[in-house]
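**Q**
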Amino acid sequence: MTQATASAAALARDPAWHGRIGGFIAFLVVLWPLLAWSEFRPWLLFDSQGLAAMRGFLAGFLPPSTAPDFLALLARSTLETLAMATAGMALAFVLAAPLAFVATRALSISRIGPGPGVWRAAIVRQSSRFVLMVLRAVPEVVWALVLVRALGLGPGAGVLALGIAYGGLLGKVYSEILESTDTQPARALLEAGSGRLAALLYGLVPGAAQELASYTVYRWECAVRASVVMGFVGAGGLGQLMDQSMKMLNGGEASAILLTFLVLVLLADGISAALRKALA
Amino acid sequence: MTTPQTTFDGRAWSPCLACLAGALGLLAVVVASFVYLSVSWGDLVSMESMRLMGRFIAEFFPPDLSASFLARTAEASLQTLAVSSIGTLLAALVAMPLALPASGRFGRLSRAASRLLLNVLRSVPELVWATLMVLAAGLGPMAGTLALAVHTAGVLGRLFGETLENLPPTAERALREAGAGPVAAFGYANLPLAAPQWLGYALYRWEMNIRMAAVLGFVGAGGLGQMLYFHLSLFQQAQAMTVLLAMFVLVVGVDAASGWLRQRLTPARG
Amino acid sequence: MAFALAGCGLVHANGHRALEQVSLAAAQGERLAVIGASGAGKTTLLRVLGASLRPGEGEVELLASAPWRLAPAPLKRLRARIGTIHQQPPIPPRLRVVTAVLAGRLGRWPPWRALASLVYPADMAGAHAALAQLGLGDRLFDRCDRLSGGQLQRVGIARVLYQQPALMLADEPVSSLDPTLADQTLAALVAASERDGATLVASLHAVDLALKWFPRIVGMRSGRVVFDLPAGSVTPEMLSALYTSEGGVPPVHGIALHADDAPVASATLQAARL
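Chains as they are written, first to last, in the numbering used here: chain R, 1 to 280; chain P, 1001 to 1270; chain G, 2001 to 2274.
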């Protein structure tokens, strides 16, 4: 049996130790200023002022308000939120589909060879990817805030904001899905001289359809939650209602809205899961 | 088994009736949504409103790049970065012990209870948590940190728990059958298997959280969000643009850092 | 008495009968090989001997205790004295070899020491000594997913060597190794068991290796013990009977190298028994 002659010195210490200790120290060095900048003082949570305010607010939470006018308003706001999410997703899809189409490398004719126009095509692709990145870099709530200033309060701003932000997100994920499935059929079609749209519809989409649809449905579910959040900055729906109730420190209404929101999220979750299972 | 989409004699695929009905239904729902919102879409795309929009957008340029304002923006950026980082770190620390019962290690009752808790934590949006935390902790970035921590703990707790549940049990079983205690068996079998995935999830959430941390400022949790809200309320578009640019830079930077860390700490096998 | 099985029978959850009326006993320090065709019940037998599976029928006594009548803490201690070499090493891929080997003594270490060893290995010299017996001393700090199948199997063996159990159970410990290496590995395993006075039970698919290294051979077929004899008394007819499902030809690992004999080229049993 060949005995590897490991020297005693090499056995004395673990070679991974230096890296681990170094990484840990680097982590601490980065942690300290982060704690300072975020003004992280958890002991303040337990000072009398904060606790009293919390207790007062939480006391008002129960029972949830059940006044009939309020319930009617609640129902309308819920429908508004749902409509905002659906319309926003539709807009996002309209925006994302062409951008993803341009950004997908698998649909590039000039890359076969490479043929003529490789650089120009690459620039076009990179530009559309850049546009997608810009659209999704800004959270939808920020878009909503800006658009509320431009268009006034109400769901219109929310729909546009969702359309823009989720358009970027959908576009990026669509192009990633299209590129990660088997691109052979599409490439074969392109090599046979078909147009890019045909290659997409006959080559890529059939294989990727289930995953594309599944992700879109999942994003719709996220859009429902995002619509509520955007309401906080004035884009209508449940969020705006909740913002108003909390500003008036009406705990009963706030808890009713919160419960409705939780039920809505649960429903959206259920519908999304059922749809995704049906698509599979 | 998926049915092929084209038949071999070249006929195009004939769509199934259910798919057609589904597509029409979808279209109907979308149209109904637009109609229900009773936003006068016509008005929205009229020449007048386009012109007003155009003017509104033009006021964002050029952004305010004066030295003093840039310094304030930089400070707010650091605060937002800190809020997202500490918030994600706290969330991961809380999620790990919660993931153990959530994966079913301690029985069905604790699994149901911990999953319920995690679901409530993650269903309530960060903005709502932030409003609550502002009440408890006062205005400022700590409210944002706590809100992010609580919400993300729900998300990560569920993801961590699912990872644990999906691990192959052979490694841990072999150790237990060799007489190892539950803690040791977990550390030598499950932890090395789960750790790369956990780290990946946490880093991915950090990327999401940097966007949310910016937004939490809208309700008073400091950072770039608070600055943006402030300047937009005063219709100071030029300053708002600077803040938006800073948000963009921060998001791109964190995405890159997260990607680099993921590559270094969870290298692909083989 | 290292172990004593009396009339053990086991039916798996899916209805398949894995063991039937198995009675087997061994003194401390004995070496036995269990041979038989695939599906004969060798793995199940080893798992019963390792207190991992509880037989539905019969009595089990391991290391002078009845494992299934013990409270959890004594059972845990008993298991720590029994080491199992699995056919597929159950080692997480990203673990380093040193940690995988040190996991052998987790049954003896308190939890804090176990967790501390994850951060900084507690006994690198011990792990190295175990690996060196199998020719892997220089791979101490490599990650397990960088090893070949044969090397990983030997790491699994090193883990049990480090454990220093009183009863060693090996389930096809050399299945992934080429003939020369298989021979050397079995030599190391046998040497370790002799050094520590441990009882060694190995299930082997290659009959030539079993006959060479183990003085006592137990033949199994369809969950029953067909014979339990010294190696010298095993006849070719008995072996053919065992392997009827595999065409009556007992498998051999290849050229059996023995210090006193010339290398044998023939794959038949007669040649391998020289």
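Don't be surprised by glycine CBs; every beta carbon is placed ideally from N, CA and C. Here the structure is a predicted model, which is why all the values come from computation and not from measurement.
(1) Please classify G:V2218: is it buried, with 16 or more other beta-carbons within 10 angstroms of its beta-carbon, or exposed?
(2) Excluding the five sequence neighbours on either side, which residues of its own chain have a C-beta within less than 6 Å of the C-beta of G:A2170, listed in chain order?
(3) For G:G2058, name the three-state secondary structure that DSSP assigns.
(4) Using a beta-carbon distance cut-off of less than 8 Å, what residues from the segment 2113-2127 of chain G approach chain R?
(5) Alpha carbon to alpha carbon, how far is P:G1277 from P:F1160?
(6) I'd like to know whether the C-beta of P:R1211 is nearer than 9 Å to at least one C-beta of chain R.
(7) When you compare only the Cα positions, how much space is there between R:L51 and R:G154?
(8) Mind reading off the beta-carbon distance from R:T104 to R:L190? Whole number of angstroms is fine, and I expect it under 8 Å.
(9) For R:A157 versus R:A235, is the C-beta spacing smaller than 9 Å?
(10) Along chain P, in chain order, which residues have C-beta atoms closer than 9 Å to that of R:P139?
(11) Under three-state DSSP, which class holds R:D269?
(12) Report all residues from its chain with a CB closer than 7 Å to the CB of P:A1102; omit the five preceding and five following residues, and keep chain order.
(13) Can you tell me the Cα-Cα spacing of G:P2089 and G:V2155, whole angstroms?
(14) Please tell me whether P:M1096 has its Cβ less than 9 Å away from any Cβ of chain R.
(15) What does G:F2141 touch in chain R if you count any residue whose Cβ is under 8 Å from its own?
(16) Go through its chain and collect everything with a Cβ distance to R:G203's Cβ below 6 Å, but skip five positions before and after it.
(17) Please report the residue range of the alpha helix (DSSP H) in which G:Q2021 lies.
(18) Suppose you measure from the CA of R:A213 to the CA of G:A2114; what does that come to, to the nearest Å?
(19) Listed in chain order, which residues of the segment 1176-1190 of chain P have Cβ atoms closer than 9 Å to some Cβ of chain G?
(20) Just to confirm my understanding: we take G:A2025, look at its own chain, exclude 5 residues before and 5 after, and list those with CB closer than 6 Å. What are they?
(21) Which bits of chain G does P:T1163 rub up against, with CB to CB less than 9 Å?
(22) As a quick exercise: from P:S1038, P:A1246 and P:Q1236, pick the residue whose alpha carbon is nearest that of P:A1076.
(23) Say whether chain R places a C-beta atom closer than 9 Å to the C-beta of P:A1082.
(24) Around the Cβ of G:L2027, are there at least 16 other Cβ atoms within 10 angstroms (buried) or fewer (exposed)?
(25) Can you find the residues in the same chain that come closer than 7 Å, C-beta to C-beta, to G:A2188, ignoring five residues on each side of it along the sequence?
(26) Use the C-beta contact count for P:T1107: other C-beta atoms within 10 angstroms, 16 or more gives buried, fewer gives exposed.
(27) Please go through the same chain and pick out, in chain order, the residues whose beta-carbon is closer than 6 Å to the beta-carbon of G:L2200, but skip the five residues on each side of it.
(28) Is G:L2019 close to chain P? Criterion is C-beta to C-beta, closer than 9 Å.
(29) Can you tell me where the beta strand (DSSP E) with G:A2004 in it begins and where it stops?
(30) Can you tell me whether P:G1270 is buried or exposed? The criterion is at least 16 other CB atoms within 10 Å of its CB, across all chains shown.
(31) Going along chain G in order, which residues have a C-beta closer than 7 Å to the C-beta of P:L1118?
(32) Consider the Cβ of G:K2212: report whether some Cβ of chain P lies at a distance smaller than 9 Å.
(33) Please list, in chain order, the residues of the segment 202-231 of chain R that have any C-beta partner in chain P closer than 7 Å.
(34) Examine chain G for any beta-carbon lying closer than 9 Å to the beta-carbon of P:L1193, and answer yes or no.
(35) Can you tell me whether R:T81 is buried or exposed? The criterion is at least 16 other CB atoms within 10 Å of its CB, across all chains shown.
(36) Buried or exposed: R:E253, going by 16 or more other Cβ atoms within 10 Å of its Cβ?
**A** So, from the data block:
(1) A residue is called buried once 16 or more other Cβ atoms fall within 10 Å of its Cβ, and G:V2218 is buried on that count.
(2) Cβ neighbours of G:A2170 beyond the five flanking positions: I2085 and A2202.
(3) Residue state, collapsed to three classes: strand.
(4) Going along the segment 2113-2127 of chain G in chain order, one finds V2119, Y2120, P2121, M2124 and A2125 with a Cβ nearer than 8 Å to chain R.
(5) In the structure as shown, chain P begins at 1001 and stops at 1270. Residue 1277 of chain P is therefore absent and cannot be evaluated.
(6) P:R1211 counts as touching chain R.
(7) Spanning the two alpha carbons is a distance of roughly 35 Å.
(8) R:T104 to R:L190, Cβ: 12 Å. No contact.
(9) With respect to R:A235, R:A157 sits close: the two C-beta atoms are nearer than 9 Å.
(10) Neighbours of R:P139 on chain P, chain order: R1211, M1212, A1214, V1215, M1247 and V1251.
(11) DSSP places R:D269 within a helical segment (H, G or I) once states are collapsed to three.
(12) Within the same chain, R1111, S1114, R1115, L1118, G1157, R1158 and G1161 come within 7 Å of P:A1102 by CB-CB distance, once the 5 residues on both sides are set aside.
(13) Taking the straight line joining both Cα atoms gives about 8 Å.
(14) Judged by the 9 Å Cβ criterion, P:M1096 is not in contact with chain R.
(15) Per Cβ cutoff of 8 Å: D14, P15 and A16.
(16) Result list for R:G203: P185, A186 and L189, in chain order.
(17) Where G:Q2021 is concerned, there is no enclosing alpha helix (DSSP H), although the beta strand (DSSP E) it sits in stretches over R2017 to A2026.
(18) Rounded to whole angstroms, R:A213 and G:A2114 show a C-alpha spacing of 47 Å.
(19) Residues of the segment 1176-1190 of chain P with a C-beta atom less than 9 Å from some C-beta of chain G are R1176, E1177, A1178, G1179, A1180, G1181, P1182, V1183, A1184, A1185, G1187, Y1188, A1189 and N1190, listed in chain order.
(20) Hits under 6 Å: A2004.
(21) Those do not exist, as P:T1163 stays about 13 Å from chain G at its closest Cβ, beyond 9 Å.
(22) Of all alpha-carbon atoms in P:S1038, P:A1246 and P:Q1236, the one lying nearest the alpha-carbon of P:A1076 is that of P:A1246.
(23) Judged by the 9 Å Cβ criterion, P:A1082 is in contact with chain R.
(24) A small correction: the amino acid at residue 2027 of chain G is Ala; Leu does not occupy that position in the sequence shown. With fewer than 16 other Cβ atoms from the protein chains shown falling within 10 Å of its own Cβ, G:A2027 counts as exposed.
(25) Taken in chain order, the residues that qualify are Q2133 and L2134.
(26) Inspection of the sequence shows that residue 1107 of chain P is occupied by Gly rather than by Thr. With fewer than 16 other Cβ atoms within 10 Å, it is exposed.
(27) Excluding positions up to five away in sequence, the list reads R2031, M2168 and S2193.
(28) It does not; no Cβ of chain P falls within 9 Å.
(29) Segment F2003 to V2011, the beta strand (DSSP E) holding G:A2004.
(30) With a pLDDT of 34 at P:G1270, under the threshold of 50, the predicted position of this residue should be treated as unreliable, and no value is reported.
(31) For P:L1118, no chain G residue has a C-beta closer than 7 Å to its own C-beta; the minimum C-beta separation is roughly 25 Å.
(32) Not an interface residue.
(33) Interface annotation for the segment 202-231 of chain R against chain P: P206, R225, V228 and V229, criterion Cβ-Cβ distance under 7 Å.
(34) Chain G contact via Cβ: present.
(35) Buried, because 16 or more other Cβ atoms sit within 10 Å of the Cβ of R:T81.
(36) Counting of Cβ neighbours within 10 angstroms places R:E253 among the buried residues, the total reaching 16 or more.
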